[in-house]
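Undergrad: I am attaching a structure below and will ask some questions about it afterwards.
Chains as they are written, first to last, in full-length UniProt numbering: chain A, 1 to 374; chain B, 1 to 374.
Take a look at the structure:
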C-alpha cells in the first residue's frame with residue numbers, strides 16, 4: 001500500500017535529499033530558537049536547504065537576521081499546534097498549522113525529512129494520517145538515541161513512546177526498523193539487536209517477549225543484524241548491543257528515567273564542586289574535561305526522536321530544545337535524508353514481512369498463528 | 001488468613017524486634033563479606049543481635065575473627081541456594097539451605113526481619129511459601145530505595161520486580177504498602193504517592209492505570225497518604241513524590257536503567273578527571289566533595305529490596321553487595337524491625353482492603369467489578 005505522491009520538483013533546484021522540512025513553531029522557546037538552530041546547522045552543511053513553516057511575517061525577519069534567506073524557503077502557515085492539544089483535536093483542526101505544512105512538504109517529496117519541536121501525540125497522529133504506515137508495519141515507533149559506551153557514543157532504543165502497546169510482531173518490526181536506522185543514522189554496518197526484558201535467561205518475562213525472542217532471532221539474516229537476545233535496563237548504555245527493542249510504555253519510562261538520573265547527577269556534581277574553595281578551584285582546573293563530559297551526557301545533544309514505520313521520516317525534537325538541541329536534530333535529519341533512509345527502511349521491512357509470512361505459512365509454528373491472526 | 005506461628009522465645013533473651021536473621025551464604029563474595037558487613041552493623045547498633053545461617057564450621061571462625069561471637073547465634077545449614085537455581089528447584093530441594101533457615105527464624109518469630117544476598121527468585125518463592133501472603137494481598141512486591149532530591153535522600157519505588165504483572169488492585173495494594181514502608185523506613189509521616197505512567201495527563205496510559213488512578217485516589221484517606229496522581233520516569237528522583245507505584249516489569253527496567261546510567265556517568269567522570277595533569281590536580285582538590293557525591297549515588301548504599309505483602313518482612317540484598325552494601329541492608333532491616341513494621345503494614349492493608357470492599361459493594365462502580373471478579 002503506497003500513498004499517492006505528487007511528483008513536485010525539489011525546492012529551488014535542490015536534490016530533495018538535501019532539503020529538510022522544518023516546523024518553526026510549537027517549541028517551548030518559540031521560532032527564534034528554531035531559526036537560530038537552523039542557522040547553526042546550515043553553517044556546517046553548505047549543501048543543505050530548508051523549508052521553514054510558520055507565519056511568514058514572523059519568520060522573515062528572523063531568517064533575514066541570521067543571513068540565511070537564500071537557503072531557506074518559507075511556507076506560510078498561520079496556526080500552531082499547542083502542547084496541550086489532543087491528537088484528535090489536531091487531526092480535526094490542524095490543516096492550517098505549521099506542523100501540517102511541514103508534513104505536507106515531505107509528503108509531496110519537496111523535502112526528505114520533516115522536523116518539529118511540537119506536541120508529540122499530535123505530530124505522530126498527523127504523520128500517520130498524511131504519510132501512512134509503510135507496508136508491513138502495524139505500529140510505527142519512535143526511536144531515540146541513548147548515550148553509550150559504544151564507539152559511536154550512542155545506542156538506539158525503540159519504541160520510546162509512539163504507542164503504549166506492542167505485540168510480538170510489532171517487536172519484530174521494531175528490530176528490523178531499529179537495525180536499519182542504526183545502519184543509516186549511526187553508520188553501523190551490522191547492528192547488534194537486543195530485546196529488553198527483566199533478565200537475560202530465556203524463561204524470563206512476559207509471554208509475548210518469549211515469542212518475539214524467537215521471531216527476532218529468526219529474522220537476523222533477512223534484517224542483516226546480529227541478535228544478542230534479551231538485555232536488561234542496565235544494558236541500555238552498554239557496548240554489548242546497538243539497538244534495544246521494547247514496547248512504547250517501557251521505553252518511555254526508561255528514557256525519562258535515564259534523563260532524570262543524568263540530570264540529578266549533574267546537579268549533585270555542580271553542588272559538590274561549589275562546596276568549598278578547594279573544590280571550586282579544583283573545578284576550574286578540571287573545567288575543560290568536565291565540560292566535555294557534560295557535553296557527552298547533555299540530553300540536548302541527543303535530541304531527536306525519529307518516527308519509524310511511515311512512508312517518510314519525521315523527527316520529533318524536544319519541546320524544550322534550545323538552539324544546540326535544534327541543530328542536533330537537524331544534523332540527524334540531514335544524515336538520514338542523504339542516505340535515502342526512508343526508502344531503504346521501507347524495502348527492508350516489506351521484504352522481511354513477506355519472507356516471514358512465507359516462513360510461517362510453511363512451518364505452521366506459534367508465530368504463524370499470531371501472524372495470520374492479524 | 002494468618003500463618004500458624006510457633007511461639008518460640010526470642011533468641012538469648014533479646015526482644016525479637018532487635019534480632020535480625022541473616023543468610024550468610026549465596027552472595028557473590030561469600031560469607032566472609034556478609035560477616036564483615038554484619039560486624040560493621042553491630043558496631044553501630046549496640047542493642048542488636050543476629051542469627052546467622054550457613055555451615056557452622058565455616059561461619060564460626062569468621063564470627064570469632066570479628067569478635068562478635070556473643071552477639072551472633074549460628075544456625076547450622078549445610079546447603080546453599082545457587083544464583084542459577086530456578087525458583088521451582090529451590091522450593092523442592094531447599095529445606096537444608098541457609099536461605100530456608102533464615103526464613104524459618106522469622107517464621108518462628110525468633111527474629112523480626114530476614115536478610116539474604118541470594119537468588120531473588122528463590123528467596124521470593126521460599127518467602128511466599130513459608131511466610132504466606134498477608135491478608136488482602138494478591139501479589140507481593142519488592143520495594144527499592146531511589147536516590148532523590150527529597151530531604152531523606154531517597155524515594156521508594158515498588159514493584160521493583162517481584163512479579164512481571166500487576167492489575168489495578170495490585171497497584172492499589174502497592175500504594176498502601178509503599179506508603180507504610182516510607183512511614184516506617186524513611187520516617188515520612190504522610191508520604192506522597194504517585195503512579196508511574198507515560199504522561200501526567202488523565203487520558204494517558206493503559207486501561208488498568210486509569211482504574212488504579214481512581215482507586216489509589218480514593219484510598220488516600222484510609223492509607224494516610226497524599227496521592228499526587230500520575231508521575232513519569234523523570235520524577236523517580238524528584239522531590240514531588242515519595243512513593244512511586246508501578247508493575248514489576250516496568251519497575252525492574254527503570255531500576256536497572258537508573259543504575260546503569262549512574263554507573264556510566266561515574267565512569268565518564270573518572271575518565272574526565274584523569275584526562276590531563278590539570279584535571280587530575282583539580283580532582284585532588286575537589287576530592288572530598290567528589291567522594292561525598294559518589295557516596296550519595298553509590299548503588300551499594302541504597303542496598304536492600306524489601307519484600308512487602310508477606311506476613312513477615314524479608315530484605316533482598318544485592319548479590320554483588322560488598323561489606324558496605326551488606327551493612328546498609330542490615331541497617332534498613334533493623335530500622336524496620338524496631339518500628340514493628342510487619343504488623344503495622346499487615347493491619348493497614350487488611351483494613352484498607354475490607355473498607356475498599358465495602359465501598360465497592362455499596363457503590364457498584366467499575367472498581368467494584370474488578371474487585372469482586374477476583
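Heads up, the beta-carbon is just placed ideally off N, CA and C, and yes, glycines get one too.
Below 8 Å CB to CB, which residues in the same chain sit around residue 216 of chain A once its five sequence neighbours on both sides are set aside?
TA: The residue you call residue 216 of chain A lines up with position 216 of the first chain. The answer, listed in chain order, is 171, 172, 175, 193, 195, 227, 245.
Undergrad: Check the Cβ-Cβ distances between residue 147 of chain B and every residue of chain A, and say whether any is below 9 Å.
TA: Taking the first residue of the second chain as position 1, residue 147 of chain B is located at position 147. Taking Cβ atoms only, chain A reaches closer than 9 Å to residue 147 of chain B, which makes this a yes.
Undergrad: Is the Cβ-Cβ distance between residue 323 of chain A and residue 40 of chain A less than 9 Å?
TA: Sequence index remark: in the first chain, residue 323 of chain A carries index 323 (1-based). Sequence index remark: in the first chain, residue 40 of chain A carries index 40 (1-based). For residue 323 of chain A and residue 40 of chain A, yes; Cβs fall inside 9 Å.
Undergrad: Use the C-beta contact count for residue 203 of chain A: other C-beta atoms within 10 angstroms, 16 or more gives buried, fewer gives exposed.
TA: Within the first chain, the letter at position 203 stands for residue 203 of chain A. By the 10 Å Cβ count, residue 203 of chain A comes out exposed.
Undergrad: Determine the direct distance from the alpha carbon of residue 163 of chain B to that of residue 162 of chain A, and round the result to whole angstroms.
TA: Within the first chain, residue 162 of chain A is the residue found at index 162, counting from 1. Within the second chain, residue 163 of chain B is the residue found at index 163, counting from 1. C-alpha separation (whole angstroms): 26 Å.
Undergrad: Among all the DSSP beta bridges, which residues are the ones paired with residue 210 of chain A?
TA: The residue you call residue 210 of chain A lines up with position 210 of the first chain. Paired residue(s): none; residue 210 of chain A is not in a bridge.
Undergrad: Examine chain A for any beta-carbon lying closer than 9 Å to the beta-carbon of residue 233 of chain B, and answer yes or no.
TA: Looking up residue 233 of chain B in the second chain gives position 233. It does; some Cβ of chain A falls within 9 Å.
Undergrad: Determine the burial state of residue 4 of chain B: buried for a count of at least 16 other Cβ atoms within 10 Å of its Cβ, exposed for fewer.
TA: If you number the second chain from 1, residue 4 of chain B lands on position 4. Unreliable placement is indicated for residue 4 of chain B, whose pLDDT of 38 sits below 50; the coordinate value is still reported in the next sentence. So residue 4 of chain B counts as exposed.
Undergrad: List the residues of chain A that residue 262 of chain B touches, going by C-beta distances under 7 Å, in chain order.
TA: Position 262 of the second chain, counted from the first residue, corresponds to residue 262 of chain B. Those are 261, 265, listed as they occur along chain A.
Undergrad: In terms of residue numbering, what span does the alpha helix (DSSP H) encompassing residue 20 of chain A cover?
TA: As a position in the first chain, residue 20 of chain A is number 20, starting the count at 1. Premise fails: residue 20 of chain A lies in the beta strand (DSSP E), 19-23, not in any alpha helix (DSSP H).
Undergrad: Determine, using beta carbons only, whether residue 199 of chain A and residue 230 of chain A come nearer to each other than 9 Å.
TA: Position 199 of the first chain, counting from 1, holds the residue named residue 199 of chain A. Position 230 of the first chain, counting from 1, holds the residue named residue 230 of chain A. Their beta carbons are under 9 Å apart, which means residue 199 of chain A touches residue 230 of chain A by this criterion.
Undergrad: Ignoring anything shorter than 4 residues or poking outside the stretch 113-195 of chain A, list the alpha helix (DSSP H) runs there in chain order.
TA: Complete alpha helix (DSSP H) runs here, min 4: 120-131, 168-186.
Undergrad: Is residue 16 of chain A close to chain B? Criterion is C-beta to C-beta, closer than 9 Å.
TA: Sequence index remark: in the first chain, residue 16 of chain A carries index 16 (1-based). Closer than 9 Å: no.
Undergrad: Give the residues from the stretch 243-254 of chain B that approach chain A closer than 8 Å (Cβ to any Cβ), ordered along the chain.
TA: Within the stretch 243-254 of chain B, the residues whose Cβ lies closer than 8 Å to some Cβ of chain A are 246, 248, 249, 250, 252, 253, 254, listed in chain order.
Undergrad: Could you check whether the Cβ of residue 49 of chain B sits closer than 9 Å to any Cβ belonging to chain A?
TA: As a first step, residue 49 of chain B must be located in the second chain, where it is residue number 49. Output row for residue 49 of chain B: interface = no.
Undergrad: Can the beta-carbon of residue 111 of chain B be found closer than 9 Å to that of residue 34 of chain B?
TA: The count along the second chain starts at 1 and reaches residue 111 of chain B at position 111. The count along the second chain starts at 1 and reaches residue 34 of chain B at position 34. No. Outside cutoff.
Undergrad: May I ask you to report which of helix, strand or coil DSSP gives residue 41 of chain A?
TA: Taking the first chain and counting its residues from 1, the one referred to as residue 41 of chain A is at position 41. In the structure shown, residue 41 of chain A sits in a helix (DSSP, three-state: H, G or I).
Undergrad: For residue 350 of chain B and residue 178 of chain B, I'd like the C-alpha separation in whole angstroms.
TA: By 1-based counting over the second chain, the position of residue 350 of chain B is 350. By 1-based counting over the second chain, the position of residue 178 of chain B is 178. Their Cα atoms are separated by approximately 14 Å.
Undergrad: Grab the span of the beta strand (DSSP E) containing residue 15 of chain A for me, first residue to last.
TA: Here residue 15 of chain A refers to the residue found at position 15 of the first chain. Segment: none, residue 15 of chain A is in no beta strand (DSSP E) and carries neither H nor E.
Undergrad: Distance check for residue 136 of chain A and residue 249 of chain B, CA to CA, integer angstroms please.
TA: Residue numbering aside, residue 249 of chain B sits at position 249 when the second chain is read from its first letter. Residue numbering aside, residue 136 of chain A sits at position 136 when the first chain is read from its first letter. If I take the Cα positions, the gap works out to 28 Å.
Undergrad: Thinking C-beta only, is residue 119 of chain A closer than 9 Å to residue 90 of chain A?
TA: Position 90 of the first chain holds residue 90 of chain A. Position 119 of the first chain holds residue 119 of chain A. Yes, Cβ-Cβ distance for residue 90 of chain A and residue 119 of chain A is below 9 Å.
Undergrad: Answer with yes or no whether the minimum CB distance from residue 216 of chain B to chain A is below 9 Å.
TA: Reading the second chain from its first residue, position 216 is the one you call residue 216 of chain B. No, residue 216 of chain B does not count as interfacial toward chain A.
Undergrad: Only counting the same chain, and skipping five residues up and downstream in sequence, which positions put a Cβ closer than 8 Å to that of residue 165 of chain A?
TA: Position 165 of the first chain, counting from 1, holds the residue named residue 165 of chain A. For residue 165 of chain A, where only same-chain residues beyond five positions count, the Cβ hits under 8 Å are 139, 247, 248, 249.
Undergrad: At which residues does the beta strand (DSSP E) containing residue 375 of chain A begin and terminate?
TA: With chain A represented from 1 up to 374, any question about residue 375 of chain A goes unanswered, as that position is not in the structure.
Undergrad: For residue 237 of chain A, would you say it is in contact with chain B, using Cβ-to-Cβ distances shorter than 9 Å as the test?
TA: By one-based count along the first chain, residue 237 of chain A stands at place 237. Cβ-Cβ to chain B under 9 Å: yes for residue 237 of chain A.
Undergrad: Quick one: give me the first and last residue of the beta strand (DSSP E) that residue 50 of chain A is part of.
TA: Numbered from its first residue, the first chain carries residue 50 of chain A at position 50. That run of the beta strand (DSSP E) goes 49-54.
Undergrad: Where do the ends of the beta strand (DSSP E) carrying residue 251 of chain A lie?
TA: As a working mapping, residue 251 of chain A is identified with position 251 in the first chain. No beta strand (DSSP E) holds residue 251 of chain A; the alpha helix (DSSP H) holding it covers 248-273.
Undergrad: Can you tell me whether residue 235 of chain B is helix, strand or coil according to DSSP?
TA: Here residue 235 of chain B refers to the residue found at position 235 of the second chain. Of the three classes helix, strand and coil, the one that applies to residue 235 of chain B here is helix, per DSSP.
Undergrad: Which stretch, first to last residue, makes up the beta strand (DSSP E) that contains residue 305 of chain B?
TA: Residue 305 of chain B sits at position 305 when you count from the first residue of the second chain. Taken as a continuous stretch (DSSP letters only), the beta strand (DSSP E) holding residue 305 of chain B covers 305-308.
Undergrad: I need the boundaries of the alpha helix (DSSP H) containing residue 408 of chain A, first residue and last residue.
TA: This structure leaves residue 408 of chain A out entirely; chain A is present only between 1 and 374.
Undergrad: Quick one: give me the first and last residue of the beta strand (DSSP E) that residue 315 of chain A is part of.
TA: Locating residue 315 of chain A in the first chain gives position 315, where the first residue counts as 1. It spans 313-316 - the beta strand (DSSP E) in which residue 315 of chain A sits, taken as one unbroken run.
Undergrad: When you compare only the Cα positions, how much space is there between residue 375 of chain A and residue 29 of chain B?
TA: Here chain A covers residues 1 to 374 and nothing more, so residue 375 of chain A does not appear.
Undergrad: Anything in the stretch 199-215 of chain A with a Cβ closer than 7 Å to a Cβ of chain B? List those residues in chain order, please.
TA: Those residues of the stretch 199-215 of chain A that come within reach of chain B (Cβ to Cβ, closer than 7 Å) are 205, 206.
Undergrad: Residue 121 of chain A: which of A/305, A/205, A/66 sits nearest, CA to CA?
TA: Residue numbering aside, residue 121 of chain A sits at position 121 when the first chain is read from its first letter. Per the Cα distances, A/305.
Undergrad: Using the beta-carbon of each residue, which ones in chain B are nearer than 9 Å to residue 240 of chain A?
TA: Your numbering for residue 240 of chain A matches position 240 in the first chain. Residues of chain B passing the Cβ test: none, with the nearest at roughly 12 Å.
Undergrad: Just to confirm my understanding: we take residue 385 of chain B, look at its own chain, exclude 5 residues before and 5 after, and list those with CB closer than 6 Å. What are they?
TA: Shown here, chain B extends from 1 to 374; a query on residue 385 of chain B therefore has no answer.
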